[in-house]
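See below for the structure under consideration.
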Amino acid sequence: MLCYDNSEMLSRPIDVMVNDKPLTLTSPKQRQGSRFEQQACEFLRAQGLILIAQNWQQPKVGELDLVMLEKGQAWSTLVFVEVRQRQRSDFGDAALSVTASKQRKIIKAARYFLQQHPKYNDYECRFDVMAYNTIDNNNHNNQINNIPKTQSENVQPEWLKGAFITAAW
Numbered sequence: 000m001l002c003y004d005n006s007e008m009l010s011r012p013i014d015v016m017v018n019d020k021p022l023t024l025t026s027p028k029q030r031q032g033s034r035f036e037q038q039a040c041e042f043l044r045a046q047g048l049i050l051i052a053q054n055w056q057q058p059k060v061g062e063l064d065l066v067m068l069e070k071g072q073a074w075s076t077l078v079f080v081e082v083r084q085r086q087r088s089d090f091g092d093a094a095l096s097v098t099a100s101k102q103r104k105i106i107k108a109a110r111y112f113l114q115q116h117p118k119y120n121d122y123e124c125r126f127d128v129m130a131y132n133t134i135d136n137n138n139h140n141n142q143i144n145n146i147p148k149t150q151s152e153n154v155q156p157e158w159l160k161g162a163f164i165t166a167a168w
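Under numbering that gives the first Met the number 0, think of the first position of the sequence shown as 0, with each following residue one higher.
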C-alpha cells in the first residue's frame, strides 16, 4: 500500500520511488507499523508535503520510512521522516524511542540516499519524527497486534519537525 503524490505543482519534475522489492510484512507488529507509516504519509501529504520514497532501503545501512519534499517559496526541503508507534509507556513514548543510535542510522541511510539520488543534493535536508502514542495504561497485557485498525487510524500523530540534527552533514 503506497501513498502517491501529484508532483505537477513543482517547478521541476520529481520521481516518486517505489520499492522494487516490497517488504514482506509477516508479523502483526510489522503490519501495524505499516499502517502507521501509511497514516503518516497521508497526514503529511495533507500538510502539503510530496512523497519521494517510502520504505527506501540500503542493504547493511538501513531504511528510511518516508522521504518527502516540502515545497517552500524560496527553496524546497527534503524531509526524512521516521515513523514511530508505542502502545506502552514502560520505556518512554514513541518520540523518545528514536535514540541517538537510531538517529545515526537514519542519517547514514539519508547520506546513501543522497549519493544514489544526486538530483536532491541541492535541497535543504531535515529529519522529522512522526510519533503515535496509543498508550493504554489500564491494560498492560495488550499486545501491539491487538490494536484494531480503526483505532490506529484515529490516533493523532505528534509531528516533530527537525526532531534531530546532524553537525557534520
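Yeah, the Cβ is synthetic: ideal placement off N, Cα and C, and Gly gets one too.
Short Cβ contact (8 Å threshold) for residue i with residue j
i	j	result
Val78	Leu48	yes
Pro156	Ala39	yes
Leu50	Leu63	no
Gln84	Gly32	yes
Residue i: first and last residue of the uninterrupted alpha helix (DSSP H) it sits in
i	result
Ile51	Ile51 -> not in any alpha helix (DSSP H); beta strand (DSSP E) instead, spanning 49–57.
Three-way DSSP call (helix, strand, coil) for residue i in this model
i	result
Gly161	strand
Gln155	coil
Gly61	strand
Nearest to residue i (by Cα), restricted to the options the options
i	options	result
Phe126	Ile106, His116, Asn132	Ile106
Val60	Gln102, Gly32, Lys118, Met67	Gln102
Leu159	Ser26, Ser96, Gln57	Ser96
Ala109	Pro58, Ala130, Asp92	Pro58
Ser75	Ala130, Arg34, Cys124, Ala162	Cys124
Tyr122	Leu68, Ala99, Phe42	Leu68
Thr165	Ala45, Ala99, Leu65, Glu36	Ala99
Completely contained alpha helix (DSSP H) runs for the stretch 76–136, where each covers 4 or more residues:
99–115
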